[in-house]
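Engineer:
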Amino acid sequence: MIEPAGRRTNRPEPPRRLMSAGLFSNCRKVLIEDHDCNNTVSYTVTRFLTCDPTLYSYTPLLQPPSKTNTPYTTTIQLPRQPTMDPEMNKLLKWSVANSQASVGADGEGSAPNVPAAASNLTPQMVNTLFGGPSEADLMRAAMEVVHDKETDLENKLIAFDNFEQLIEGIDNANNLVPLNLWKPLVELLKHDEAEIRRMAAWCVGTAVQNNPQAQDQLVTLNEIPTLVTLATTESNPATRKKAIYAISSAVRNHQPALDALNKSLPEGYPTDKTDAADMDGIDVIMDKLRSHPVEASA
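Counting in numbering that gives the first Met the number 0, the sequence shown runs from 0 upward without gaps.
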């Protein structure tokens, strides 16, 4: 539905004709001229399904205008599509919801709140609009690069860094399960290369931080002992640091993870049951892990 910006009088539907169409990427804007009383009103519709101008048809409403001073509306009929990507559907709804100005008590239209409207536009919707890969695709691709034996270490670390940034968002972190990326990720905690182990621990810590669903998954995979081994035996200081970060993120406010940690700690650590909500108690364990003696590498 399209509405002119201003208030209209109650007159029969005036003749209108399609004047011009401007193409920008996958968007098409159609301007319609209104010849009512020598006034010109521009109507704009944005269509995201295709750029083919021949698929547009313009149809005025058949019913007469209401007796209230509400804006005229005009229908642009689009062709039926066999299927629509879910993100495309969200994008279409977003464009319709945010293309209409709010109408005040005096009938005058006001400009929409652009910053607030833009905040509802997700990266997935933008990627769908411009034909780019989704964040899920990027996550899968990054993990494939890290596991690729033909890729050099530098490019693997770049891919791993991109992966870590993607899973900073809790939605992407939770998508590790449906994308089947948890197992490939934790396998890298035992990689021969210390930098790969470091990045794997970093990504685990990022995924589970303040995320009960990811914390549950880490416990289910029984990878807390693997992180403890890294934290207490790893000769690379940076890798140890990230392993402790991952443990700290996993056990805070998550009792099953903390219980798994207590069972995996070496001798000499507190044996009393610690509450996962006791931040001071957890800090004591983390400090002891940081000071744990490790044999220097040969």
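Just so you know, even glycine gets a beta-carbon here, dropped at the ideal spot from N, CA and C.
Measuring CA to CA, which of Q216, D279, S290 is closest to V176?
Structural biologist: Among Q216, D279, S290, the Cα nearest to that of V176 is on Q216.
Engineer: Can you tell me where the alpha helix (DSSP H) with R239 in it begins and where it stops?
Structural biologist: R239 -> alpha helix (DSSP H) spans 236-250.
Engineer: In angstroms with no decimal places, state the Cα-to-Cα distance between E222 and P265.
Structural biologist: Looking at the two C-alpha atoms, the distance is approximately 16 angstroms.
Engineer: If we count Cβ pairs, one from each stretch, closer than 8 angstroms, do we get three or more for the region 269-279 versus the region 224-233?
Structural biologist: Touching, no.
Engineer: Do K262 and A200 have their C-beta atoms within less than 7 angstroms of each other?
Structural biologist: Their beta carbons are not under 7 angstroms apart, which means K262 does not touch A200 by this criterion.
Engineer: Of the residues P183, V250, L152, Q208, which one's Cα is nearest the Cα of R139?
Structural biologist: Considering only alpha carbons, the answer is P183.
Engineer: Given this structure, state the Cα-to-Cα distance separating N173 from D136, to the nearest angstrom.
Structural biologist: Distance between the alpha carbons of N173 and D136 is about 15 angstroms.
Engineer: Span of the alpha helix (DSSP H) holding T205?
Structural biologist: It spans 193-207 - the alpha helix (DSSP H) in which T205 sits, taken as one unbroken run.
Engineer: According to DSSP, is K272 part of a helix, a strand, or is it coil?
Structural biologist: DSSP places K272 in coil when its eight states are reduced to three.
Engineer: Can you tell which of V203, V293, A96 has the C-alpha that lies nearest to the C-alpha of L220?
Structural biologist: Of V203, V293, A96, the residue nearest in Cα terms is V203.
Engineer: Applying the criterion that 16 or more other CB atoms from any shown protein chain within 10 Å of the CB defines a buried residue, is T205 buried or exposed?
Structural biologist: T205 is buried by the Cβ-count criterion.
Engineer: With a Cβ-Cβ cutoff of 7 angstroms, do R289 and T238 count as a contact?
Structural biologist: Going by C-beta atoms, R289 is not nearer than 7 angstroms to T238.
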